[in-house]
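**Student:**
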Amino acid sequence: MFSGTSLIIVCLAATLAALVFPIWSYADRSDPTGSVNVLSAQTVTTAYGPLSAQDRDFIVKVRLAGLWELPAGELAEQKGTTAAVRTAGQHLVDGHTSLDAHVRTVAAQLGVPIPNAPNAQQQQWLATLNAAQGQDFDREFANIVRLAHGRVFTVVAQVRAATQNTLVRDLADDANSTVLDHIKVLEATGYVDFATLAQQLAVTPSPVASPPVVAPADATPVGAAPAPSPSSTYPLPPATAAPEPTSQNP
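For the sequence shown, the UniProt record's numbering assigns the number 1 to the initial residue and increments by one for each residue that follows.
#1: Rounded to the nearest angstrom, what separates Q169 and Y48 at their Cα positions?
#2: Rounded to the nearest angstrom, what separates L75 and F137 at their Cα positions?
#3: With distances taken from CA atoms, which of H149, A162, E77, L167 is nearest A198?
#4: Should the stretch 169-181 be called in touch with the stretch 108-124, which here means at least 3 C-beta pairs below 8 Å?
#5: In terms of DSSP beta bridges, what is V44 paired with?
#6: What does a CB cutoff of less than 8 Å around R63 pick up in its chain, not counting 5 residues either side in sequence?
#7: Have a look at L147, A202, E69, V44 and flag the residue whose alpha-carbon is nearest the alpha-carbon of S98.
#8: Report the three-state DSSP secondary structure of Q133 (helix, strand or coil).
#9: Excluding sequence positions up to five away, which residues of its chain have a Cβ less than 8 Å from the Cβ of A172?
#10: Buried or exposed: which applies to V145, given that a residue is buried once 16 or more other Cβ atoms fall within 10 Å of its Cβ?
#11: Among residues of its own chain, excluding the 5 on either side of G80, which ones have a beta-carbon nearer than 8 Å to its beta-carbon?
#12: How many Å lie between A195 and S52 at the Cα?
#13: Quick check on D193: does DSSP put it in helix, strand or coil?
#14: Span of the alpha helix (DSSP H) holding T105?
#15: State the DSSP-derived secondary structure class of Q121, mapped to helix, strand or coil.
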């Protein structure tokens, strides 16, 4: 009788240990990738859903894209030696005029500070395009802008897949359509060197530093200095343009 009771107790103890050990070992295990911390780090609450650090970085990148690609498009309209290059330039101007208006509205609604000038790399690209002439310009334009779009295309997909913010999701949809259109017209010029492009895209570029996080929980718009116009033909409105009341749909 004693031996039978002891056997039952031993079996119950073994079963309990088998159930408890996985839970204990998992809870005590640290996240080797840090993915949980990355997803939750610097996330703020807004009326349109959580706004993550990745969301804010994306908003900054969309603004930066317009600040240099719009004047690059103007250069292509003026200096392109073929109709295809000039058409690609027109698509850049039209697309980024619309997308920049969208990103400025979203930034104001979410209280995200955005830049008013291209970064150093983008200024260097514009300097290269300003100096190039003839077919050299066509080639530089197609390959430089196609490289930039290839890099941002993957960023748009990551943000669109992960964001919990409705305004950022809509902006990602807009950016996706715009970037894809620009990729197609750039490739249609016939100047894109796909072999070199593949090598360049395989190299991770230096990250673009995001501005300090200042977005309040209630997403109150923050002020910013007026944006300098990249050209007299297609000026970009200032970063502080107020959103239309009807566009603020939670």
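Don't be surprised by glycine CBs; every beta carbon is placed ideally from N, CA and C.
**Tutor:** Working from what's here:
#1: Inspection of the sequence shows that residue 169 is occupied by Arg rather than by Gln. Approximately 10 Å between the Cα atoms of the pair.
#2: Computed Cα separation, rounded: 9 Å.
#3: H149
#4: no
#5: DSSP links V44 through a beta bridge to L51.
#6: D100, V103, R104, A107, I114, P115, A239
#7: E69
#8: Three-state result, Q133: coil.
#9: F58, V156, V159, R160, T163
#10: buried
#11: R86, A88, G89, F137, D138, F141
#12: 35 Å
#13: coil
#14: In the DSSP assignment, T105 falls within the unbroken alpha helix (DSSP H) covering 83-110.
#15: helix
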